[in-house]
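Add 148 to the 1-based position in the sequence shown for the working numbering, that's all there is to it. To start, the structure itself, in structure tokens.
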Amino acid sequence: MFYLDSRQIYRSSELDSLEWLLHGFGTRFADVPALFSQLATVKQVHSSTCVVAEGRSGVLGEADALLEDRPGAVVAVKTADCIPVLLADERTRTVAAIHAGWRGTAARIVERAVAAMGARFGSAPAGLHAAIGPGIGKCCYEVGPEVAAQFGLQGRAHLDLAEENRRQLLNTGIPIDHVCVSWLCTMCGPGFHSFRRDRESAGRMYSFIGISAVH
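Next comes the structure, spelled out in structure tokens:
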């Protein structure tokens, strides 16, 4: 279940169950950078590249997923229709923030991030919790034949990016009851930035995850 808090940030009750975790999916009204003295992001390039933040802040190169294991550190991705995905490992207390547009989804970036957490932190899929935040919904996301073909669809089709990423997360072995989806459409919802709706005037929303300094 997702709910909107007083800062205009959506939170996942699935991730709320981890008392050491900081997380949220900002709306167009949320000033997420103002909440943290240090925040790590990347220049997003619609790839399947994962970067380990190692307690650093600022823009950490070109990638579309950020991993972190340092207490007090927060990582974030920015979206305006693409799908934000947050991962947390309850055993190792490590996290990841992922930006998944259609290119990243086709390149299976969430699977790459799960594998990277395993390689770097020893995370096992059975201990991971995932939240898929607001992004453009199947209702509004019509794509051409070339994009549709990347997902086994024919002709022009309505693509469900949230569901594609949910399936990929389940394919890694994350338990089905550890994966929650907001099902909120950024193009339908006036509280969100949407590039497809607003084009160049669209802003970006921050989705963040981090490890409490004291836990």
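Built from N, CA and C at the ideal position, the CB exists for glycine as well. Source: prediction; values computed, not measured.
query: Boundaries of the beta strand (DSSP E) in which residue 237 is found, first to last residue; result: 231-237
query: Cross-strand partners of residue 253 (DSSP beta bridge); result: DSSP, once it has assigned bridges, lists no residue as partnering residue 253.
query: Contacts around residue 200, its chain only, beta-carbon distance under 7 Å, and the 5 residues preceding and following it disregarded; result: 215 and 268
query: Cβ-based burial, residue 324 [other Cβ within 10 Å; buried from 16]; result: exposed
query: Best match in 229, 248, 230 and 222 for proximity to residue 213 [C-alpha to C-alpha]; result: 248
query: Residue 167 - DSSP class collapsed to helix/strand/coil; result: coil
query: DSSP three-state assignment for residue 188, whether helix, strand or coil; result: strand
query: According to DSSP, residues forming a beta bridge with residue 227; result: 353
query: Neighbour-count burial assignment, residue 191, 16 or more Cβ in a 10 Å radius; result: exposed
query: Cβ pair count under 8 Å reaching 3, the segment 152-167 against the segment 226-233; result: no
query: Local Cβ density within 10 Å of residue 193, reported as buried at 16 or more and exposed below that; result: exposed
query: 6 Å CB neighbourhood of residue 276 in its chain, flanking five on each side removed; result: 235, 237 and 322
query: Helix, strand or coil at residue 172 according to DSSP, with G and I counted as helix; result: strand
query: Counted within 10 angstroms of its Cβ, other Cβ atoms place residue 153 as buried (16 or more) or exposed; result: exposed
query: Host beta strand (DSSP E) of residue 295 (start-end); result: Where residue 295 is concerned, there is no enclosing beta strand (DSSP E), although the alpha helix (DSSP H) it sits in stretches over 293-297.
query: Cα-Cα separation, residue 296 to residue 310; result: 15 Å
query: C-alpha distance - residue 307 paired with residue 225, whole-angstrom precision; result: 22 Å
query: Residue 287 burial status per 10 Å Cβ neighbour count (16 or more: buried); result: exposed
query: Whole-Å CB distance - residue 243 paired with residue 359, under 8 Å assumed; result: 6 Å
query: Cutoff 8 Å: residue 278 Cβ touching any chain C Cβ; result: No chain C is present in this structure, which holds just one protein chain.
query: Extent of the continuous beta strand (DSSP E) run through residue 159; result: 157-160
query: Counted within 10 angstroms of its Cβ, other Cβ atoms place residue 181 as buried (16 or more) or exposed; result: exposed
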